[in-house]
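Under mature numbering (1 follows the signal peptide of the UniProt record, and there is no 0), the residues of the sequence shown are numbered -26 to -1, 1 to 825, in order.
This report concerns only the one structure given below.
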Amino acid sequence: MHSHPLLQSASFAALLCGASVGFVSAQQVTPVNTDESPSANEEVVTLPEFTVSDTRTNEYVAAESVTGTRVATKLIDLPFTVNVITGEFLDDFGALEFREQTAYTSNVVGYETISTGYSVRGIDANVQLRNGFRRIGLIDKVGVERVEVIKGAAASIYGTVMPGGTVNIITKKPKTKPEQRFGFTVGAHNLHRAQASTTGPLGASGKLFYRVDVAADSTKYDIDYKKKTQATAVGSVMWKITPVTSLLVEYEYLKRNEIGNASVPSRRKVVDDPYFPILSAAETPYNFTRAQRTYTSYDGVATEIFDFNSQGPNTYAKRDIHTVTATFEHRFNSIFSMRSSANWFTRTLERQELSGRNYDPVSNSVDLAVPRLRPFDEGGAAWQTDFLAAWKTGPIKHMTLLTFDWQRQTEKPERWDSNTVSVNVTTPAGTNTRALPLAFPGASGLPSGATISGPVGSTYMMGDFPLIIRADRTLGIPVNNSDLRFISYHDDPTLYSLFQKEDNKLDLFGIFLSERMTFWDDRVTLLAGGRYDYERNHARNLVTGTSSKNTTTEPSYQVGLNIRVLPDLTAYVNSSRSFVPQFSTGVDEDGLPFDVPTETGECWEFGFKASMLDGRLTFTAAHFDLSRNNVTREAYREDGSIYNITTGKETSKGYELDFNWSITQSLQFFGGYGYTVAKIVDSSDAPSFEGRPTRRTPRNSFGFGSKYNVKTGPLKGAYATIGYKYSDKSLTAAPGRRTITTSSGDIQNLRMPNGRLIAPEFPEGAIIPRGTLVPGTTSYYSFSVDDGRDTLWNGSYQLFDASIGYRWKVARRFTHKVQLNVSNILDEKYTYGSAGHGPARGWMLTYDLTF
């Protein structure tokens, strides 16, 4: 019997941690003076103004944050919303994926099927921060101390962020005393996980401290072919040079491989085209009756084939991430201190995928999609230095921060598509010419112009590869006899051609100045800050040999006011501006490149924060109103290929509530509710998008949880959690459009589903005859209209989770824990995000040892 290779590597990592513990212990000739050292569970702290304290009423509540202002500040004193998710919560709820980790935080929606794409307040926010530096997704919880969510454009203190907000992952730091931890998890869907951590003093000097965290896991999901493996290792060393000077160096490596990462296909069907009217013989110039024209439209998410994996066993995504961060802290005197950090990272990504995911119910088949290889390497480096002054003028307390930073981002996207051969697909309704990808077995044996004919739903054998003739005279793969194998790029590169290869670079130079004043017996806090950034980008298209260089400047700001209206209740209001530079070029509908403008955002909000009943009841209630401008999005042509459009402006308005209530020392309730109305309000390039909700944004979302700890009696150490999550329906797809033109027929000026006329310059209902030209030109009228993607909705869903656990000590040193988590107890079938398969009922059993 052979052991699982992933567990072998995890066991080796755990053994390595154990060996390092032994080595470090062997070096401890003289123990650290415990009378002068912090308690055993404390991290090494040099400057408390840059480090949050651990004073909190329970394991799920944090009192301070560094994300909102770059310095440690009490959450109730911040004039904007910051939510904190603790590492203890991640452990208790078995939250391995980002979507699970943020499920009880208002208006934070994780949506990618496996990866860590997400939105805040209805606005995409794919990029995270890690200890204040840009991070492109993928974090393992083994090294996470807490997750901080700063909402609104106030997050622009870190430079480029979306106006909805961003997530900052705060990692664990070395501790002052030795501590080791080992954990093992098994569960449903072949879940296996092992993790290990070790930390403490390094040697006997009392100045060096270390930390190592490693983890590995694998899962085979309940959908055919879909599985994931992940391994991570994080190591850090802290040198406390003097009591007020330190240097921290951290390295992280993460590797993640995914196979068969698919969404539920979209349903398509042939429907009448409402914009091409049926005309009688009397209405046509050539005295004949024109029949109704049709097109292939979208008709919802094909949940009837929920368990079908349209990507098959040959698709994959491979990611590798390396990150190095160094942080130097020093206090000059009782007023002035500084922190200077540098960061470098690289991420390699290679995806082999199928381009289409559409289902035809008439022929019971999915797209014969184009096999595609998409390497996408990204990297970057950054430096940021904070100078802080804490001072007073009479009764007024000041906190003045001056930050200088530089950031470089690089990306090298490529796309290799399968070559094709043109064939004629004939049904009794007519003939269409279609492109058949050569990467499918047997396709290379077909001559160009070959005819494939038969009634809709009939099977055509391409060698031993079955195809089916679809209602729109395309070719598909039958669901009930699916053969999703294809020849990958690495198996035969000659079957693929290069369509995209770019080399893009962006440099940002920024300066940030903020002032926080507290006065009137600490009842009022006024915050004002401004950034000024200089951007320089160079985008190179290596396929066309073209390049584009641009420079620009962007100001951003944050202004906020806190007023303590009652001893335990604070009212706040803020306004802020953000920006996101785009350092690659876009491709328009005609395939031509164009410079992508810098996005900007504005946000204002007001609300109340409370810390009542000696801190046992805390909540933040907020109303927000934000906008996102110069938005460039991917859109889809009728053949499924991608191009870019600048959709203009999006807005998002709503309310949110986050709370935690420790009713007794044993029982607490917590959760978050979000109400969001986010939509596209201006899209001159594609008016069919206007009024459309933003993608993957539920109007209502709610997460409620509870934990009970047994504090006394024979069951002391036992605990239980319950969780309830609800999500409203949400659109799954990016906007899509199709083009109709007077070159091909008469067009009737009707209203699209969003209420806009397709041709506002003509009367409603008017017939625009075939052949009509735009006045003063030789061009036909051309209109962008809807293509049915507004029908692609994830349905609403609700999920119930629970766990029970028991924690006990042996010899006052060894803390053991056994925990059983059950997710999706009612086994609800649902889709989320980009129509991803919602995981079925699952369980995980964890054993954890800390000493």
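Idealized CB from N, CA, C, for every residue including glycine.
Check	Outcome
Mind checking who Ala77 pairs with in its DSSP beta bridge?	Answer by DSSP bridge pairing: none, since Ala77 is not bridged.
Return yes when the Cβ of Arg242 is within less than 8 Å of the Cβ of Thr270, no when it is not.	yes
Buried or exposed, going by whether 16 or more other CB atoms sit within 10 Å of the CB of Val517?	exposed
Between the alpha carbons of Leu747 and Ser717, how many angstroms are there, rounded?	9 Å
Mind reading off the beta-carbon distance from Ser432 to Ile443? Whole number of angstroms is fine, and I expect it under 8 Å.	5 Å
Please check the pair Thr268 and Val244, which I expect to be a contact at CB under 8 Å, by giving their CB distance rounded to whole angstroms.	5 Å
DSSP has Met136 in a bridge; who is on the other side?	Answer is none; Met136 lacks a bridge partner.
Give a yes or no on whether the C-beta atoms belonging to Pro415 and Phe378 are separated by under 8 Å.	no
Would you kindly work out how many angstroms separate the C-alpha atoms of Lys475 and Leu469, rounded to a whole number?	17 Å
Report all residues from its chain with a CB closer than 6 Å to the CB of Gln532; omit the five preceding and five following residues, and keep chain order.	Ala128, Gly503 and Ser550
Kindly list the residues whose CB is nearer than 6 Å to the CB of Asp351, restricted to its own chain and excluding five residues on each side of it in sequence; keep chain order.	Thr322 and Lys386
Going residue by residue through the segment 422 to 459, where are the continuous beta strand (DSSP E) segments of at least 3 residues, counting only ones entirely within it?	424 to 427, 433 to 436, 439 to 443 and 449 to 452
For Lys690, which of helix, strand or coil comes out of DSSP?	coil
Can you tell me which of Val83, Trp782, Thr79 and Phe825 puts its alpha carbon nearest to the alpha carbon of Leu689?	Trp782
Does DSSP classify Thr43 as helix, strand or coil?	coil
Is it buried or exposed for Asp281, if we count other Cβ within 10 angstroms and need 16 for buried?	exposed
Hey, quick one: how far does the beta strand (DSSP E) through Asp51 stretch, first residue to last?	From DSSP, Asp51 is part of no beta strand (DSSP E); its letter is neither H nor E.
What are the start and end residues of the alpha helix (DSSP H) that includes Gly575?	Here Gly575 belongs to no alpha helix (DSSP H); instead the beta strand (DSSP E) covers Glu573 to Met586.
If you draw a straight line from the alpha carbon of Tyr132 to that of Ala343, how long is it in whole angstroms?	41 Å
For Ile233, name the three-state secondary structure that DSSP assigns.	strand
Can you give me the Cβ contacts of Arg305 inside the same chain, cut-off strictly under 7 Å, excluding the 5 residues immediately before and after it?	Leu21, Val218 and Ser311
Using the three-state DSSP reduction, which class does Leu221 fall into: helix, strand or coil?	strand
Here's the rule: buried if 16 or more other CB atoms are within 10 angstroms of the residue's CB, otherwise exposed. What is Ala(-8)?	In this prediction, Ala(-8) has a pLDDT of 35, which is less than 50 and means its spatial position is unreliable; nothing more can be read from the coordinates.
Write down the C-beta distance between Ile143 and Arg104 rounded to the nearest angstrom, noting that I regard them as a contact closer than 8 Å.	5 Å
Hey, how far is the Cα of Gly286 from the Cα of Ile197?	10 Å
Which of helix, strand or coil does DSSP assign to Phe568?	strand
Counting Cβ pairs, one atom from each stretch, are 3 or more of them under 8 Å apart for the segment 740 to 757 and the segment 719 to 728?	yes
Gly484 lies in the beta strand (DSSP E); which residues open and close that run?	Tyr470 to Phe493
Let me make sure I understand the geometry here. Which of Glu735, Ala236, Asp761 and Ala424 has the alpha-carbon closest to that of Tyr755?	Glu735
If I'm right that Thr140 touches Glu119 with Cβ under 8 Å, what's the distance once you round it to whole angstroms?	Going by Cβ atoms, the distance from Thr140 to Glu119 rounds to 17 Å, so no, they are not a contact pair.
Do Lys151 and Met212 have their CB atoms nearer than 8 Å?	no
Bridge partners for Phe350 per DSSP, in chain order?	Pro387
Go ahead and pull the three-state DSSP assignment for Phe825.	coil
By DSSP's criteria, Arg666 is part of a beta bridge. Which residues make up the other side?	Arg666 pairs with nothing; no bridge assigned.
According to DSSP, which residues form a beta bridge with Asp66?	Answer is none; Asp66 lacks a bridge partner.
How is the beta strand (DSSP E) around Gln169 delimited, first residue to last?	Leu165 to Pro175
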